[in-house]
Structure formats: structure tokens, C-alpha cells
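Here is the structure we will look at, set down as C-alpha cells.
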Amino acid sequence: MKSLKLVFPLLFAFTFSCAQASNSADTAQIDQLLARTGFNKLLDRIPTFAQGVLKQSAGALDPEVNAAVSGVFQRAFSRTNVRRDVLRTLRAHYDAKQAQAYLTMLDTPLALKMATLERAPNQPENRSAFQAYVNQLQSQPAPASRLALIKQLDDANRTTAFSVDMQTAFFKAVFSAVDPIMDAEMKLGDGELEKMVSEIRESLGKEIRSRTEASYLYAFRDVSDKELAAYVRMCESEPHRWAIQLLGNAMISALNQAGDRSALLMTEAAK
Numbered sequence: 008m009k010s011l012k013l014v015f016p017l018l019f020a021f022t023f024s025c026a027q028a029s030n031s032a033d034t035a036q037i038d039q040l041l042a043r044t045g046f047n048k049l050l051d052r053i054p055t056f057a058q059g060v061l062k063q064s065a066g067a068l069d070p071e072v073n074a075a076v077s078g079v080f081q082r083a084f085s086r087t088n089v090r091r092d093v094l095r096t097l098r099a100h101y102d103a104k105q106a107q108a109y110l111t112m113l114d115t116p117l118a119l120k121m122a123t124l125e126r127a128p129n130q131p132e133n134r135s136a137f138q139a140y141v142n143q144l145q146s147q148p149a150p151a152s153r154l155a156l157i158k159q160l161d162d163a164n165r166t167t168a169f170s171v172d173m174q175t176a177f178f179k180a181v182f183s184a185v186d187p188i189m190d191a192e193m194k195l196g197d198g199e200l201e202k203m204v205s206e207i208r209e210s211l212g213k214e215i216r217s218r219t220e221a222s223y224l225y226a227f228r229d230v231s232d233k234e235l236a237a238y239v240r241m242c243e244s245e246p247h248r249w250a251i252q253l254l255g256n257a258m259i260s261a262l263n264q265a266g267d268r269s270a271l272l273m274t275e276a277a278k
């Protein structure tokens, strides 16, 4: 009997230590995932993005209101707050095996090559060449076979979808933050916020998809269809889809939470 009494605490201690080791390993792997995918850099830019979207709306806002929302956004969309919420979602839905498979995939020669090429359109030294290439597409469109591969890649990476989701979340945050301090007759009615967000999403979708298409076409202009198709298959694999979906969902959830914080802070300020 005494031995049993000793076994249970030992089992508990062993289980607890294993859980701690697992959590520590997951944390290290998550940190690696955020670094390798560029999400850490994206987190660095979130506060600037939020202020940029607010600036686009400044013409429709009273200067005092704009200043108040700007201050609230600095708090709600701080890197610390957004990163905390991103990590919470990642940990809640984490799969270490999928993550390791994805990280291993990122180290393959094909993935490394394509990742380098994908960065090219956004590099300052390539700005003129990229714009010239985009202009050329007006008179010399890419072949249908290449466009089909580019669309597959966009869908697999959720490039357009994620960009639209992000920008929509920022605009929704502006609407939600301003509404609590509007006069009664100017407040959003039932379903109006959802309608406005839907309209913005629709207007952004076509423009962003076109921009993504041009960026991919330029990045992979010297890559054969065969090699690009191999890359598309890699991006359509289960580990890649898992990682892209989870990271995207974590970021959008964090931005929506930041928007909710903004609305709450503005409501408190209006009292």
C-alpha cells in the first residue's frame, strides 16, 4: 500500500515534467516557425499597418476622433499584444509533427530557391524592373498554362486570401473603434458593419489577386513550368497547408482581437 502511495506522486511528477519538456520543445519550434516564415517581421510591421489603414480613413473622420483612435490603435495593435494572441492560437492548435515536416520542407533545395525568388519583387533594387515587367504584361500576357500554375500557387499559399483577410481586419477595426463615439443617428445598425466589411473584402479581392499574380509571374519568370509545378505540389502538401492555414488563422484572430480591444477602449473613453 505504501508503495502505491509513492507511485502516484512519482507518476504525477513524471507526467508534469514531460508536459513541461513538451511545452518547451513546442515553444522553440514555434519560435523557429515564426522566424523561418517571416512572421516575426510581419509582427514588427503590424502597428505601422494599423496606423496606415487609419490614415486612409482620416479624411472621413474628425481630427480629434482620428487622434483618439490613433492612440487606441497604438495600444491595441502593439507588437506585444498581437504576438501574444498569435502564440495563444498557435499553441491551442499545434501539431509538432506537422510543424517539423514543414520546417524540413523549407530546407529542401527547391523551397530555398523559390523562397529567394519570391522575395525579389519586393526588393527596392528590383522596383523599376518589376514595374517594367508589369507594364509589359499588358501587351504580352503570360501563357494560360503559366497563369494556371500561378493561380494554384496563390491558392495553396493563401497569398491573396491572407492579404485580403488582413486588410479587411484593419478596416473593420477602424469602423468598430469609431462607432462607440458616434452620435446616435450615425451609429451602425444591425448588420451594417458586416455589410461594410463584405463590400471592402470584395473591392480588395480583385486588386490584390492581380498584384499577387504579377508578383509571382515576375519572381518565377525564369523558372520552367516543370519546376514551378513541382513547387506547387510542395505547397499543396499537407504539412505546408497545415502551417499556412494555422499561421494565417492565428494572425487574423489576433488582429480581430486587437480590433475588439480598440472598440472597448473607445467605448470606455466615451463614458
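Residue numbers (my numbering): 8 to 278.
Quick reminder that beta carbons are idealized off the backbone N, C-alpha and C, glycines included.
Following the continuous alpha helix (DSSP H) through His247, name the residue where it begins and the one where it ends.
Glu245 to Ala277
Look up Asp102 in the DSSP assignment and say whether it is helix, strand or coil.
coil
Relative to the C-alpha of Leu50, which residue among Ala277, Thr274 and Met258 is closest?
Met258
Residues near Leu68 in its chain [Cβ-Cβ closer than 8 Å; skip 5 each side]:
Val76 and Val185
Would you kindly report the start and end of the unbroken alpha helix (DSSP H) that includes Met121?
Pro116 to Arg126
Limits of the alpha helix (DSSP H) - the one that Gly78 falls within:
Pro70 to Ala83
Spatial neighbours of Asn263 within its chain, please: CB distance less than 7 Å, with the 5 preceding and 5 following residues excluded, ordered by chain position.
Ala176
Where does Thr167 land, buried or exposed, given buried means 16+ other C-beta within 10 angstroms?
buried
Flag His100 as yes if its beta-carbon sits less than 7 Å from any beta-carbon of chain C, otherwise no.
Absent from the structure: chain C. Only one protein chain is present.
On the criterion of 16 or more Cβ atoms from any shown chain inside 10 Å, does Ser183 qualify as buried, or is it exposed?
buried
How is the alpha helix (DSSP H) around Lys202 delimited, first residue to last?
Glu199 to Ala226
Smallest Cα separation from Leu124: which of Ser222, Ala277, Cys242 and Ala276?
Ser222
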